[in-house]
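Worksheet for the structure shown next.
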Amino acid sequence: NITDVPFFMSMSSWTHGLNTALKQTYYENVAHILSDGYKREYTGKNNNLLLSKTQQLSITKIITDLNNNQKEPNLNRENELLFENNSDKDELVKAMDFSADVFIEDDDEITAIELKNIRPNSYEIPEEKLKILQGKAALSNEFTDKKINFYIGFPFDPTNAEAETGYDKQRFINSNINMNKYFAEEEVLLASELWDFLSG
2 NITDVPFFMS MSSWTHGLNT ALKQTYYENV AHILSDGYKR EYTGKNNNLL
52 LSKTQQLSIT KIITDLNNNQ KEPNLNRENE LLFENNSDKD ELVKAMDFSA
102 DVFIEDDDEI TAIELKNIRP NSYEIPEEKL KILQGKAALS NEFTDKKINF
152 YIGFPFDPTN AEAETGYDKQ RFINSNINMN KYFAEEEVLL ASELWDFLSG
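Counted from 1, the sequence shown has number 16 at position 15 by this note's numbering; the numbering is strictly sequential.
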């Protein structure tokens with residue numbers, strides 16, 4: 002019998018948090034080895050990235066439309082709003098702090114991936130979308146001659162019982178509250194798709 006329920010609950014919560022953190026570090030390390038990428042942080046004094054006012058307004062519009070179910074997530078439309086309506090004459094503002102768990106730079110592209118727990122909380126999903134939109138816009142201003150890709154990645158699909166590396170992306174997205182409201186399938190890398198992508 003449990004004699005101290007509050008202590009048990011706090012220990013259970015702490016253990017769950019530790020377990021999540023250890024798994025996250027493990028997956029990040031494997032991702033770095035496979036891709037030759039690294040963790041990149043644009044936070045605090047390390048954040049010198051800028052957005053144009055037009056990009057900032059576009060991000061606000063994208064998020065508002067998704068919040069209000071006015072639009073479905075659409076990677077091509079969102080990228081067009083972020084990249085093609087940008088003007089050199091725009092006023093620039095500081096981008097919000099963000100990091101990429103995996104950051105890969107080659108001659109033509111920047112690829113950033115945010116690795117997430119397979120069961121993100123519903124409130125995390127719109128926050129991640131905002132961060133990714135801000136990150137893409139800011140990186141496009143920093144690396145003006147490169148294509149910018151920013152994904153959200155999940156190490157495996159808990160909804161797939163057939164094979165450990167298998168996945169059903171639509172089922173997985175639908176199983177997480179708010180994910181299909183904010184993320185298009187093309188923005189999500191899942192299970193073997195993620196690991197194959199990182200392996201080149």
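All C-beta atoms, glycine included, are put in the ideal place defined by N, C-alpha and C.
By the C-beta density criterion, Thr112 is buried, having at least 16 other C-beta atoms within 10 angstroms.
Take the alpha-carbon of Met97 and the one of Gly201: they are about 30 Å apart.
Residue Ile105 holds the alpha-carbon nearest to the alpha-carbon of Lys147 among His33, Ile105, Asn161. Judged by DSSP in its simplified three-state form, Ile178 adopts coil rather than helix or strand. As DSSP reads the structure, Asn150 sits in a beta bridge with Thr112. For Ile60, the three-state secondary structure derived from DSSP is helix. Annotation for Lys72: Asp66 place their beta carbon closer than 7 Å to its own, counting only its chain and skipping 5 residues before and after. DSSP lists no bridge partner for Leu67. In the three-state reduction of the DSSP assignment, Asp37 falls in the coil class, being assigned neither a helical nor a strand state. Exclusion of the five residues before and after Glu110 leaves Lys147, Lys148, Ile149, Asn150 as the residues of its chain whose Cβ lies within less than 8 Å of its Cβ.
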